[in-house]
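**Q** At position 53 of the sequence shown (counting the first as 1) the number is 53 in UniProt numbering, and the numbers step up by one without a gap.
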Amino acid sequence: MSATVAASPRTTDGAAVVRPPTPAGRHRTRRPRRRLGATLGTNGILVVGAAYMVLPLLWLVFATTKDASTLYGASVFTPGGSFVANLQRLLAEDGGIFLRWLGNSILYAGAGALVAAFISLLAGYAFDKLAFRGKSALYSTVLVGVLIPNTATVIPLYLLAASVGLTNTMWAVLIPAFCNPFSVYLARVFSSGYLPDAVLEAARVDGAGPVRSFLSVGLPMLVPGFVTIALFQFVAIWNNFMLPLIMLQDRSLFPTSVGIFLWQSQVQQNPEYSPLVIAGSFLSIVPLVVAFVLLQRFWRAGLAAGSVK
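1. Starting from GLN88, trace the alpha helix (DSSP H) both ways and give me its first and last residue.
2. Is the distance from the Cβ of PHE178 to the Cβ of ILE246 below 8 Å?
3. Using CA coordinates, which residue listed in GLY81, LEU114, PRO56 and LEU57 is at the minimum distance from ALA68?
4. Can you tell which of TYR273, PRO287, PHE261 and ARG251 has its C-alpha closest to the C-alpha of TRP238?
5. Going by CA-CA distance only, name the one from SER136, LEU195 and ILE229 that's closest to ARG182.
6. For ALA203, collect the residues of the same chain with a Cβ closer than 8 Å to its Cβ; drop the 5 residues on either side in sequence, then sort them by chain order.
7. Which residues in the same chain as VAL142 place their Cβ atom closer than 7 Å to its Cβ, once the five residues preceding and following it in sequence are excluded?
8. To the nearest angstrom, how far is it from the Cα of VAL164 to the Cα of ILE285?
9. State the DSSP-derived secondary structure class of ILE155, mapped to helix, strand or coil.
10. According to DSSP, simplified to helix, strand and coil, what is TYR139?
11. Residue range of the alpha helix (DSSP H) that ARG188 falls in?
12. How is GLY225 classed by DSSP in three states: helix, strand or coil?
13. Determine the burial state of ILE148: buried for a count of at least 16 other Cβ atoms within 10 Å of its Cβ, exposed for fewer.
14. Which first and last residues belong to the alpha helix (DSSP H) in which ASN239 is found?
15. Can you tell me which of ILE45, PHE282, LEU294 and ALA172 puts its alpha carbon nearest to the alpha carbon of GLY112?
16. Which residue wins for smallest C-alpha separation from ASP128, given the options ALA291, LEU90 and SER191?
17. So what does DSSP say about ARG251, is it helix, strand or coil?
18. Distance check for ASN150 and PRO56, CA to CA, integer angstroms please.
19. Given a cut-off of 8 Å, decide if ILE97 and ARG297 are closer than it, judged by their beta-carbon atoms.
20. Reducing DSSP to helix, strand and coil, say where GLU272 ends up.
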C-alpha cells in the first residue's frame with residue numbers, strides 16, 4: 001500500500017520548518033464565548049429598553065381598572081373592577097369636558113400634522129430640487145432651528161401671538177404647529193431618496209412647470225415621506241404641553257395634555273380625581289395607537305428609505 005505524505009515547508013537551505021503545536025480548541029472556544037457575550041449584552045439592552053417602554057403602559061392599563069381606594073394600595077399589576085365606572089365618570093365629569101378636550105387634541109394634532117407635512121414637503125422639495133439664491137444659507141438656518149428646543153420658543157411665540165390678538169384662540173396652537181425645522185430636514189431626505197432627478201426632467205420636457213411637477217409627479221412619489229412626517233408631527237402636537245398651557249385660558253379650548261394636568265393639580269385636595277387622571281391618560285393614547293397601526297406600512301417604508309439615504 002502506498003501512502004501520500006504532505007510535504008513539510010522548508011527553508012532556503014532545505015531544512016524542514018518545525019511549527020509549534022497549536023493548542024487544540026483554542027480558536028474554537030474563544031469565538032463562541034465572544035458571540036455569546038455579545039448576544040447576551042445586546043438582548044439584555046433590548047429587554048431593558050422594552051421593559052422601560054412597556055411596563056408604564058401596563059401599569060396604566062391595570063390602574064384604569066381601579067378606584068381611588070385601591071389605586072395605590074393593591075398590587076401594581078392586579079386588575080380591579082372599576083374600569084367601566086371610571087370611564088363613565090370620566091365622560092360625565094364637568095358635563096363631558098374630557099370629550100371636548102379630546103376633540104381639541106384631534107383637531108390640533110390632525111390639522112397641524114397634515115398642513116405641516118405638506119409645507120415641509122414643499123420646503124424639502126425646493127431645497128433638494130430647485131436652485132435659487134441663498135439656498136445654502138437658508139437651509140443652514142433650518143438646520144440651526146432643529147437644534148433649538150421647542151420650550152425655548154414658547155415665550156417668543158406667546159409675545160408674537162399677543163401682539164396680533166391670537167392668544168386664547170385655536171390659531172395660537174395651530175399656527176406654530178404648521179412649521180417644524182426637523183420635518184423640513186426629513187422632507188429633503190425623502191425628496192432626495194424617493195424622487196429621481198430624471199423623472200422631474202422628463203416632466204419638464206413634457207411642459208410641466210415647477211408647481212405642476214411637484215403636484216403631479218413629486219407628491220404622489222413622496223406619499224411614504226408625507227405619512228411619516230405627518231405621524232411625527234401628530235405625536236409631537238398631541239404631546240405638546242407648554243405651548244397650549246401658555247396660550248390658552250379658556251378650558252373649552254384645552255387639549256387633553258393641559259386638561260389632565262388641570263385635574264392632576266387638584267388630586268392633593270381631592271383624591272377622587274386620581275381615577276379621572278388615570279382614565280384620561282389611558283384614553284388619550286388610544287388615537288396615537290390607532291394612527292400608528294393604520295398607517296404603519298407607510299411610515300415603516302418611509303423610515304427605511306430615510307435610513308438608507
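All residues carry an ideal CB built from backbone N, CA and C; glycine is no exception.
For clarity, every value in this text was computed on a predicted model and none was experimentally measured.
**A** Short version:
1. For this step, residue 88 is matched to residue 88 along the sequence shown. Segment 83-92, the alpha helix (DSSP H) holding GLN88.
2. Looking up residue 178 in the sequence shown gives position 178. Looking up residue 246 in the sequence shown gives position 246. No; because the gap between Cβ atoms is not below 8 Å, this pair is not in contact.
3. By 1-based counting over the sequence shown, the position of residue 68 is 68. Measuring from the Cα of ALA68, the nearest candidate turns out to be GLY81.
4. Translated into positions along the sequence shown, residue 238 becomes position 238. When each option's Cα is compared against that of TRP238, the closest is PRO287.
5. Walking along the sequence shown from the start, residue 182 turns up at place 182. The question names Arg, yet the displayed sequence has Phe at residue 182. Residue ILE229 is the option with its Cα nearest to PHE182.
6. Counting from 1 along the sequence shown, the entry for residue 203 is found at position 203. Answer for ALA203: ARG212, SER213, SER216 and VAL217, listed in chain order.
7. By 1-based counting over the sequence shown, the position of residue 142 is 142. The answer, listed in chain order, is PRO181, VAL184 and TYR185.
8. Taking the sequence shown and counting its residues from 1, the one referred to as residue 164 is at position 164. Taking the sequence shown and counting its residues from 1, the one referred to as residue 285 is at position 285. C-alpha separation (whole angstroms): 34 Å.
9. Locating residue 155 in the sequence shown gives position 155, where the first residue counts as 1. ILE155: helix per DSSP, three-state reduction.
10. Counted from its first residue, the sequence shown places residue 139 at position 139. Correct three-state label for TYR139: helix.
11. Within the sequence shown, numbered from 1, the residue matching residue 188 stands at position 188. Counting along the chain, the alpha helix (DSSP H) containing ARG188 begins and ends at 181-194.
12. The count along the sequence shown starts at 1 and reaches residue 225 at position 225. GLY225: helix per DSSP, three-state reduction.
13. Working through the sequence shown from its first residue, we reach residue 148 at position 148. Classification for ILE148: exposed.
14. Taking the first residue of the sequence shown as 1, we reach residue 239 at position 239. Counting along the chain, ASN239 falls outside any alpha helix (DSSP H), and DSSP gives it neither H nor E.
15. Here residue 112 refers to the residue found at position 112 when the sequence shown is read from its first residue. ALA172 is the residue among ILE45, PHE282, LEU294 and ALA172 whose C-alpha sits nearest the C-alpha of GLY112.
16. Walking along the sequence shown from the start, residue 128 turns up at place 128. Considering only alpha carbons, the answer is SER191.
17. As a first step, residue 251 must be located in the sequence shown, where it is residue number 251. The answer is helix: DSSP assigns ARG251 an H, G or I state.
18. For the purposes of this step, residue 56 is taken as residue 56 along the sequence shown, with counting starting at 1. For the purposes of this step, residue 150 is taken as residue 150 along the sequence shown, with counting starting at 1. Looking at the two C-alpha atoms, the distance is approximately 25 Å.
19. For this step, residue 297 is matched to residue 297 along the sequence shown. For this step, residue 97 is matched to residue 97 along the sequence shown. No, the pair does not count as a contact, with Cβ atoms beyond the cut-off.
20. Counting from 1 along the sequence shown, the entry for residue 272 is found at position 272. Of the three classes helix, strand and coil, the one that applies to GLU272 here is coil, per DSSP.
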